[in-house]
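At position 321 of the sequence shown the residue is numbered 320 (numbering that gives the first Met the number 0), and the sequence of numbers has no breaks. For each residue, glycine too, the CB sits at the ideal point set by N, CA and C. Scroll down for the structure; my scribbles are underneath it.
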Amino acid sequence: MDDCVLPDRSPWQARWLALAVALLVSAPALAPGHVLLGDLVSVPRLDLDLDALGLSGALPRAVPADGATALLTALLPGALVQKALLVATVYAAVLGAARLVPPGPGGRRGLAGAVAGLVYGWSPYLAERLLLGQWTLLLAWAALPWVARAGVRLRAGEPGALPGLVLALVPAVLSPTGSLLAAGAVVAGTGRRGAGRALAAVALLSAPWVVAAVLSPAAGTSDPAGVAAFAARGENWGGPVLAVLGTGGLWNAAAVPPSRASVLVPVVTALLLALAVAGWAARAVRAGTGARLLVLGAAGLLLALAGALPGASALLEAAVATVPGAGLLRDGQKWAAWVALPLAVGAGLGARRAYAALRDLLPAPGARAVAALALLLPLVAVPDLAWGVGGRLQPVAWPADWQAVREVLADDDAPGDVLVLPAGVYRAFDWNDGRPQLDPAARWLPRPVVADDTLRVDGEAVRGEDTRARAVLAAAGDPAELARLGVGWVLVERGTPGPEVPSAVAGLPVAFAGADLVLHRVPGAVEGPRPAAGRAAAVIAAHGLALGIAGASALWITVRASTVALRRRPPEKRVTA
């Protein structure tokens with residue numbers, strides 16, 4: 000299967016398919032405004048502040064994604080950046096999976112590439128993670144086929160393979176989970192030959208979040224209660240195993256498209272699996288990269304189901320409670336991204352084998368039409384992915400209060416951080432039609448924000464890691480204690496469910512009052528805790544290292560491409576008298 004990097008003689012078919020899928024999925028989000036759903040919270044401009052760099056008191060979950068977003072929104076409006084990322088993510092996923100399929104005897108991927116692209120790019124994984132708003136995870140998911148292809152090139156010793164791999168890795172390493180997913184795809188692509196250099200590239204590009212996490216004052220371990228809360232779940236009578244094999248099985252029922260409850264979904268999933276098994280049945284495709292992709296898929300399946308299996312869940316709980324960083328394994332279903340790669344490639348190869356078999360029984364057009372029915376399977380598996388997952392990716396306009404509060408905090412020299420109330424990780428504002436969204440204060444405001452990071456799943460609290468946030472929230476009813484802890488402002492967000500705001504907050508001086516937000520000043524506040532110089536220098540150096548490696552790789556590829564183009568340029572003809 001190592002010939003998956005060979006060029007396609009008709010690549011435009013896959014490109015048009017990828018573009019059509021990307022537009023069909025993201026169409027509602029392209030309207031004016033910002034999509035605010037789950038973690039997908041876009042603001043007009045994100046500041047490159049302590050939170051974005053991973054220098055606040057919380058674990059650096061959004062590092063370096065927030066830093067990259069801050070750089071982009073310094074040049075372009077945040078709404079435009081969000082729309083471009085949505086379209087590019089789906090486009091890259093479909094096209095990358097289509098190109099991961101080895102070309103057929105005629106050098107074309109054709110039907111096999113189209114089936115693989117749809118199975119990967121029109122999937123429950125995309126639908127469910129979109130409804131959670133986990134755009135950084137989806138960026139990594141979209142990058143995996145490209146990372147695997149780049150790894151195959153590195154294994155083959157092609158010129159420029161390492162810089163190409165670095166650029167393929169960039170979207171994935173914007174989050175901790177993405178880096179780990181990319182490392183698996185790297186090993187699948189390179190095998191033992193080139194794996195050392197490839198994994199070194201992953202490690203260096205991951206330095207921003209690794210260094211920030213190691214030096215973070217937040218607790219290094221996580222709440223083991225999250226293992227059960229985030230365990231993969233069945234979506235219908237097929238149960239969690241079949242759901243994960245079809246790249247579904249998300250823990251949050253509110254983020255599962257209604258179509259996934261259909262009694263037909265397990266049947267469609269079984270047909271897709273049968274098609275993939277038929278595709279991988281050929282011994283030639285199970286060699287090399289193909290075999291490693293299958294192993295990667297098996298590892299993804301085990302990790303995805305670990306929280307739902309009695310013995311494995313106990314081991315996972317123990318690891319999460321004692322091993323720093325093991326909290327990354329709690330949301331098991333996200334590892335189904337590794338399952339999606341061999342499922343998509345296998346389904347594409349299976350469609351090609353089906354067409355070859357039918358060609359002996361039917362005329363070529365009839366055989367092609369019957370084999371093309373494989374294209375319908377991913378569409379039937381999650382039909383409501385269309386039009387922004389059934390219209391749930393609807394942009395809205397930010398209330399003017401947010402910009403007003405931002406300006407007040409930017410213009411006032413009084414010290415202190417901002418405490419956000421009512422306590423809670425997620426909001427459900429009336430002006431956003433009650434859609435659950437991540438509290439936007441940390442992204443909107445130009446000062447460090449202290450907010451509750453305790454997550455509630457089905458009524459059960461999953462403790463966060465920010466120890467300072469717990470101390471500040473415990474003192475929310477005592478303004479003098481808030482001032483001592485470095486809180487100079489309290490922002491009350493109206494129109495969203497949550498615990499009652501302490502009555503003492505209402506007695507604080509009001510710096511701004513609007514229909515949606517009320518900003519109180521805490522008299523006598525001291526400056527909030529700031530990172531030590533050594534910690535700040537190490538984190539900034541890690542960001543600079545990763546940015547330098549990515550920039551150097553992009554420059555190398557650009558210069559090489561220009562040089563090759565000049566060499567291929569035909570000589571100019573001279574006209575003599």
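Shorter than 7 Å, the distance from the beta carbon of A560 to the closest heavy atom of the ligand FMN, or not? Absence of the ligand FMN from the depicted structure is noted, as is the absence of any ligand whatsoever, leaving it without description.
Could you tell me the distance, in whole angstroms, from the CA atom of R108 to the CA atom of V114? By 1-based counting over the sequence shown, the position of residue 108 is 109. By 1-based counting over the sequence shown, the position of residue 114 is 115. Roughly 10 Å separates the two Cα atoms.
I believe L481 touches V407 by the beta-carbon criterion, under 8 Å. Please report the beta-carbon distance rounded to the nearest angstrom. In the sequence shown, residue 481 corresponds to position 482, counting from 1. In the sequence shown, residue 407 corresponds to position 408, counting from 1. Not really, about 18 Å apart at Cβ, beyond 8 Å.
Let me confirm a value: S502 is counted as buried when at least 16 other C-beta atoms fall within 10 Å, else exposed. Which label applies? Counted from its first residue, the sequence shown places residue 502 at position 503. Exposed, because fewer than 16 other Cβ atoms sit within 10 Å of the Cβ of S502.
Figure out for me which residue from M0, S122, V172, P256 has the closest Cα to the Cα of V89. Mapped onto the sequence shown, residue 89 falls at position 90. Comparing Cα positions, the closest option is S122.
Rounded straight-line distance, which links the Cα of A541 to that of V294: Reading the sequence shown from its first residue, position 295 is the one you call residue 294. Reading the sequence shown from its first residue, position 542 is the one you call residue 541. Taking the straight line joining both Cα atoms gives about 32 Å.
Anyone know if the C-beta pair for A409 and P445 falls short of 8 Å? For this step, residue 409 is matched to residue 410 along the sequence shown. For this step, residue 445 is matched to residue 446 along the sequence shown. Against a cut-off of 8 Å, the Cβ pair of P445 and A409 comes out as a contact.
DSSP-derived helix/strand/coil call for R426: For the purposes of this step, residue 426 is taken as residue 427 along the sequence shown, with counting starting at 1. Residue state, collapsed to three classes: strand.
Taking the straight line between their C-alpha atoms, what separation do you get for V243 and P6? For this step, residue 243 is matched to residue 244 along the sequence shown. For this step, residue 6 is matched to residue 7 along the sequence shown. If you take the alpha carbons of V243 and P6, they lie about 32 Å apart.
What is the rounded straight-line gap between the Cα of G527 and the Cα of W488? Working through the sequence shown from its first residue, we reach residue 527 at position 528. Working through the sequence shown from its first residue, we reach residue 488 at position 489. G527 and W488: Cα-Cα distance of roughly 11 Å.
In this structure, does DSSP put L214 in helix, strand or coil? Here residue 214 is taken as the residue at index 215 of the sequence shown, counted from 1. The answer is coil: DSSP assigns L214 none of H, G, I, E or B.
So, W401 versus W334, is the Cβ gap smaller than 8 Å? By 1-based counting over the sequence shown, the position of residue 401 is 402. By 1-based counting over the sequence shown, the position of residue 334 is 335. No. Outside cutoff.
Where does R455 sit, in a helix, a strand or coil, going by DSSP? Here residue 455 is taken as the residue at index 456 of the sequence shown, counted from 1. Looking at R455 - three-state DSSP - the assignment turns out to be strand.
Would you kindly work out how many angstroms separate the C-alpha atoms of A317 and D465, rounded to a whole number? The count along the sequence shown starts at 1 and reaches residue 317 at position 318. The count along the sequence shown starts at 1 and reaches residue 465 at position 466. Each residue's alpha carbon lies about 20 Å from the other.
Mark A468 as exposed unless 16 or more other C-beta atoms lie within 10 angstroms of its C-beta, in which case mark it buried. Stepping through the sequence shown from its first residue, residue 468 is reached at position 469. So A468 ends up on the buried side.
In whole angstroms, what is the alpha-carbon distance linking G299 and A139? Within the sequence shown, residue 299 is the residue found at index 300, counting from 1. Within the sequence shown, residue 139 is the residue found at index 140, counting from 1. Each residue's alpha carbon lies about 15 Å from the other.
Could you give the DSSP three-state label for A512: helix, strand or coil? Numbered from 1 along the sequence shown, position 513 holds the residue referred to as residue 512. Three-state DSSP puts A512 in a strand.
Hey, which unbroken runs of the alpha helix (DSSP H) at 4 residues or more fall wholly within the region 253 to 311? 264 to 279, 288 to 304
A211 versus G324, V146, E492, residue with shortest Cα-Cα distance: Walking along the sequence shown from the start, residue 211 turns up at place 212. Cα-wise, what sits closest to A211 is G324.
Anyone know if the C-beta pair for A413 and R559 falls short of 8 Å? Residue numbering aside, residue 413 sits at position 414 when the sequence shown is read from its first letter. Residue numbering aside, residue 559 sits at position 560 when the sequence shown is read from its first letter. No, the Cβ-Cβ distance between A413 and R559 is not below 8 Å.
Straight-line gap, R8 to A313 (C-alpha atoms, nearest Å): Numbered from 1 along the sequence shown, position 9 holds the residue referred to as residue 8. Numbered from 1 along the sequence shown, position 314 holds the residue referred to as residue 313. Looking at the two C-alpha atoms, the distance is approximately 51 Å.
Distance between beta carbons of A224 and E459, contact taken as under 8 Å: Position 460 of the sequence shown, counting from 1, holds the residue named residue 459. Position 225 of the sequence shown, counting from 1, holds the residue named residue 224. Correct: roughly 6 Å between the Cβ atoms.
Quick one: any contact between the region 28 to 41 and the region 196 to 215, if contact means 3 or more CB pairs under 8 Å? Between the region 28 to 41 and the region 196 to 215, the count of C-beta pairs closer than 8 Å stays below three; the two stretches do not touch.
To which residues of the same chain is A141 closer than 6 Å at the C-beta, ignoring the five residues directly before and after it? Working through the sequence shown from its first residue, we reach residue 141 at position 142. Setting aside the 5 residues that flank it on each side, A141 is surrounded in the same chain by T88, A91, A92, each with a C-beta closer than 6 Å to its C-beta; the list follows chain order.
Can you find the residues in the same chain that come closer than 7 Å, C-beta to C-beta, to A67, ignoring five residues on each side of it along the sequence? In the sequence shown, residue 67 corresponds to position 68, counting from 1. Exclusion of the five residues before and after A67 leaves L173 as the residues of its chain whose Cβ lies within less than 7 Å of its Cβ.
Could you please give the first and the last residue of the uninterrupted alpha helix (DSSP H) stretch that includes G608? Outside the modelled stretch of the chain, which goes from 0 to 576, sits residue 608, for which no answer is possible.
Give me whichever residues DSSP pairs with G37 in a beta bridge. Indexing the sequence shown from 1 puts residue 37 at position 38. DSSP, once it has assigned bridges, lists Q436 as partnering G37.
What is the DSSP secondary structure of G159, counted as helix, strand or coil? One-based indexing of the sequence shown puts residue 159 at position 160. Residue state, collapsed to three classes: coil.
With DSSP run on the structure shown, which of helix, strand or coil describes A576? Along the sequence shown, read from residue 1 onward, the residue named residue 576 stands at position 577. Bear in mind that a pLDDT of 45 at A576, under 50, signals an unreliable position, so the model cannot answer this.
Checking 8 Å against the spacing of the C-beta atoms, do S41 and L49 come in under that value? Start at 1 with the first residue of the sequence shown, and residue 41 comes out as number 42. Start at 1 with the first residue of the sequence shown, and residue 49 comes out as number 50. No. Outside cutoff.
Using a Cβ-Cβ cutoff of less than 7 Å, which residues in the same chain neighbour A403 once the five nearest sequence positions on both sides are dropped? Taking the sequence shown and counting its residues from 1, the one referred to as residue 403 is at position 404. Around A403: F511, G513.
With the cut-off set at 8 Å, would you say A353 and A373 are in Cβ contact? Residue numbering aside, residue 353 sits at position 354 when the sequence shown is read from its first letter. Residue numbering aside, residue 373 sits at position 374 when the sequence shown is read from its first letter. It is a contact, given that the beta carbons lie within the stated cut-off.
Exposed or buried, which one is L384 when buried takes at least 16 other CB atoms within 10 Å? Counted from its first residue, the sequence shown places residue 384 at position 385. Looking at its Cβ environment, which holds 16 or more other Cβ atoms inside 10 Å, L384 is buried.
Straight-line Cα distance separating L153 from A576: Within the sequence shown, numbered from 1, the residue matching residue 576 stands at position 577. Within the sequence shown, numbered from 1, the residue matching residue 153 stands at position 154. A caution first: A576 carries a pLDDT of 45, below 50, which makes its placement in the model too unreliable to give a value.
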